[in-house]
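Please read the structure below before turning to the comments.
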Amino acid sequence: GQNAELDKLATLQAQKHNLDVAKLQACVKAQDDKAVRASMHEGETVGVDATPTMFISGRKLDGAVPADEVRLALDQALKDAGVAPPEHKPAAPEAKTPPAAPSK
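Numbering-wise (the working numbering), the sequence shown opens with residue 1065 and increments by one.
Given below as structure tokens:
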């Protein structure tokens, strides 16, 4: 499965970098993944199917969401809660340097 492929990749990388492969494999096998599995299960139950995923007042935003969209969702959540959202100042335009004069 997928874990076997990841283990194989980790072993190849360990060999490539002259690491102790036996210690690496022992460490991987000794890890307790219960907390990770519980977290994954919890995410699945609420519909998380992408990384990153955010929930803002029940609204799901998944994947690489643009900052403006996150800001709109936060502002709406504040409005819904009876709180005025902060004013957003437009980003300052980047200063453009005039082109250098040609050298003579």
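No residue lacks a Cβ here, since even glycine has one placed at the ideal position from N, Cα and C.
Residue i in three-state terms, based on DSSP
{"i": "T1048", "result": "Any answer about residue 1048 is impossible in this case: the structure gives the chain only from 1065 up to 1168."}
{"i": "N1082", "result": "coil"}
{"i": "Q1089", "result": "helix"}
{"i": "Q1140", "result": "helix"}
{"i": "D1132", "result": "helix"}
{"i": "E1151", "result": "coil"}
Beta-bridge pairing of residue i - partner residues as DSSP gives them
{"i": "K1124", "result": "F1119"}
Cα-Cα separation, residue i to residue j
{"i": "G1107", "j": "D1097", "result": "15 Å"}
{"i": "A1074", "j": "P1157", "result": "45 Å"}
{"i": "A1148", "j": "V1134", "result": "16 Å"}
{"i": "L1076", "j": "E1069", "result": "11 Å"}
{"i": "M1104", "j": "K1093", "result": "19 Å"}
Residue i versus the options, residue with shortest Cα-Cα distance
{"i": "K1153", "options": "A1099, A1141, K1143, D1132", "result": "D1132"}
{"i": "N1067", "options": "K1080, H1081, Q1089", "result": "Q1089"}
{"i": "A1145", "options": "A1164, E1151, I1120, A1165", "result": "I1120"}
Counting Cβ pairs closer than 8 Å, one from the segment 1123 to 1131 and one from the segment 1101 to 1114, do we hit at least three? Result yes; three or more Cβ-Cβ pairs closer than 8 Å.
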